[in-house]
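Accompanying notes for the structure given below.
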Amino acid sequence: MGREITDEKLQKYFKITEEALERLEIAVHEKSLLMSVARDFLTMARSYFEDAKYYYEKGDYVTAFAALNYAHGFIDAGVRLGVFKGEDDRLFAFG
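Residues in the sequence shown are numbered from 1 upward in steps of one, following full-length UniProt numbering.
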């Protein structure tokens, strides 16, 4: 039970992460010292998301799933730090 990374599970997490990336808003002012953190986190999230797609296409579901988790980890960390706005608890971890 829960020991397989299925295509269905991957598609679910691809959809959630893609939607989170699309709805993500930077919450800090352009001149804020935290803007570089926001940009770095967003770059890392997007990069890991692209990596996940690459590994998925190669049939490497384990690495694709890991990359998706890293992507969403950067998104959630940015929300928790307050550099991203994220108010949908289906897409973002906050609080």
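Glycine included, every Cβ here is placed at the ideal spot set by N, Cα and C.
Under 7 Å between the Cβ atoms of L68 and A52? yes
Opposite I26 in the DSSP bridges: which residues? I26 is bridged by DSSP to F84.
For M35, I'd like the list of residues in its chain whose CB is within less than 6 Å of its CB, leaving aside the five on either flank, ordered along the chain. V28
Check whether the Cβ atoms of I26 and A38 sit closer than 7 Å, and answer yes or no. Their beta carbons are under 7 Å apart, which means I26 touches A38 by this criterion.
Can you tell me the Cα-Cα spacing of L33 and L81, whole angstroms? 13 Å
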